[in-house]
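Undergrad:
Numbering (the numbering used here), first residue to last: 5 to 151.
1) Give me the Cβ distance between residue 73 and residue 41, rounded to the nearest whole Å; I'm assuming they're in contact under 8 Å.
2) Using the Cα positions of residue 54 and residue 46, report the straight-line distance between them to the nearest angstrom.
3) Does the segment 134–142 come close enough to the segment 118–125 to have 3 or more Cβ pairs within less than 8 Å?
4) Buried or exposed for residue 62, going by 16 or more other Cβ atoms inside 10 Å?
5) Assign residue 87 to one of three DSSP states: helix, strand, or coil.
6) Where do the ends of the beta strand (DSSP E) carrying residue 57 lie?
7) Whole angstroms are fine: how far does the CA of residue 39 sit from the CA of residue 19?
8) Using a 10 Å radius around the Cβ and a threshold of 16 neighbouring Cβ atoms, would you call residue 97 buried or exposed?
9) So, helix, strand or coil for residue 118, using DSSP?
10) Could you spell out where the alpha helix (DSSP H) holding residue 138 opens and where it closes?
11) Which of the three DSSP states, helix, strand or coil, is assigned to residue 99?
12) Does the segment 65–80 come into contact with the segment 105–114, if we say contact requires no fewer than three beta-carbon pairs (one atom in each stretch) closer than 8 Å?
13) From 93, 28, 36 and 30, pick the residue whose C-alpha is nearest to that of residue 58; which is it?
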């Protein structure tokens, strides 16, 4: 990509994660939450990447910022849909973000069961179906011996 296209792409993904005003800041000037939003933007920056692997990107974040970052990820996906393989140990996060959840077995890790998330977007974390799915996933994990 030429320099202008790179700059336009950077502006587009920063807008998705609501960091367009921080474009001229240095990394040391960003808060922890802003740095994580930059990570989401960076993942989305390659326009031809049809598949992204995100391995617990929000695991070390407090609950409020995690929920905000999850929403930024959903916004990025809605703006530019692509396949995201998202690894998480958080059942709530899986139900909120995923369309299909692969529940893994313990060592050796294998896919024990798939669960389809049939909740339309935008998703309500507190909807009855979300609660049902969280319960269903907990039961599946117990059955498979996953922890």
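No residue lacks a Cβ here, since even glycine has one placed at the ideal position from N, Cα and C.
TA: On the basis of the supplied data:
1) About 7 Å; that satisfies the 8 Å criterion.
2) The straight-line gap from Cα to Cα measures roughly 14 Å.
3) Result yes; three or more Cβ-Cβ pairs closer than 8 Å.
4) Burial call: buried.
5) For residue 87, the three-state secondary structure derived from DSSP is strand.
6) Residue 57 -> beta strand (DSSP E) spans 55–59.
7) Distance between the alpha carbons of residue 19 and residue 39 is about 14 Å.
8) Classification for residue 97: buried.
9) DSSP places residue 118 in the strand class (E or B) of the three-state scheme.
10) According to the DSSP assignment, residue 138 belongs to the alpha helix (DSSP H) that extends over 132–148.
11) Here residue 99 sits in helix by DSSP.
12) No, they do not touch.
13) Looking at the Cα atoms, 93 is the closest of the given residues.
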